[in-house]
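Residue numbers (my numbering): 424 to 587.
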C-alpha cells in the first residue's frame with residue numbers, strides 16, 4: 424500500500440525543516456526578549472520538547488547506548504555556548520533576557536554544524552536512527568541551557584529583589 428520514501432528525500436526534507444525551525448526559533452527568541460522572563464517560560468520548552476521522546480517507541484528511531492552517550496555529550500558541550508551567552512537584565516521592575524548579537528551567529532552556527540553532521544553521518548547511519556541521535560543531542564543541549572538560565576534568573580532575582 425505505502426512505498427518506502429527514499430532516504431535522500433528524507434534528508435532533504437529534514438534539512439529544509441531544520442532551516443525553517445532555526446529561523447522560527449530566531450523570530451520567537453527576538454519577540455520573547457521584549458517580554459519579561461518568568462521561571463515558567465524558562466522551564467516549559469524542555470518539557471514540551473520531552474514529548475519527542477515518544478519517537479523511541481518505534482524501532483527505526485532507537486539509538487545504541489554508545490551513540491546516546493555521544494549525542495548527549497555533544498549536546499551538553501553545545502549548551503555551554505548558550506549558557507555563556509544567555510544573560511539577563513533588570514528593567515522596569517522585571518527581568519528580561521539581554522539581547523545578544525552573538526545569539527544569531529551561535530544559533531545559525533549550531534544549525535550549520537548540525538546540518539553538516541547530518542549530511543556526513545547520513546551515509547553510514549540510518550535516517551531514523553540519525554533523527555533519534557539529533558533529538559538526543561538537542562535535548563542534551565536545551566536541558567542544561569535552561570537549567571543555567573534558571574540559575575542566572577534566580578541569582579538576579581535575589582540580587583534585585585524582583586517579585587516575579
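For every residue, glycine included, the Cβ atom is placed at its ideal position computed from N, Cα and C.
This one's a predicted model, so the numbers in the text were calculated from it and none came from an experiment.
Out of curiosity, what's the CA-to-CA distance linking residue i and residue j?
i           : j           : result
residue 519 : residue 431 : 42 Å
residue 521 : residue 550 : 37 Å
residue 476 : residue 513 : 36 Å
residue 455 : residue 565 : 17 Å
residue 527 : residue 487 : 33 Å
residue 466 : residue 458 : 16 Å
residue 389 : residue 578 : The question about residue 389 has no answer here: the residues shown for the chain are numbered 424 through 587.
residue 507 : residue 496 : 17 Å
Indicate, with yes or no, if the ligand MN has a heavy atom lying under 7 Å from the CB of residue i.
i           : result
residue 457 : In the structure shown, the ligand MN is absent, as is every other ligand, since no ligand is present at all.
Is it buried or exposed, residue i, if we count other Cβ atoms within 10 angstroms and call 16 or more buried?
i           : result
residue 502 : buried
residue 474 : exposed
residue 505 : buried
residue 560 : buried
residue 536 : exposed
residue 462 : exposed
residue 443 : exposed
Can you name the start and end residues of the alpha helix (DSSP H) that residue i belongs to?
i           : result
residue 491 : 488–508
residue 475 : Premise fails: residue 475 is in no alpha helix (DSSP H) and is neither H nor E.
residue 668 : Not covered by the structure: residue 668. The range shown for the chain is 424 to 587.
residue 557 : 550–583
Going by DSSP, what residues sit across from residue i in a beta bridge?
i           : result
residue 512 : 519
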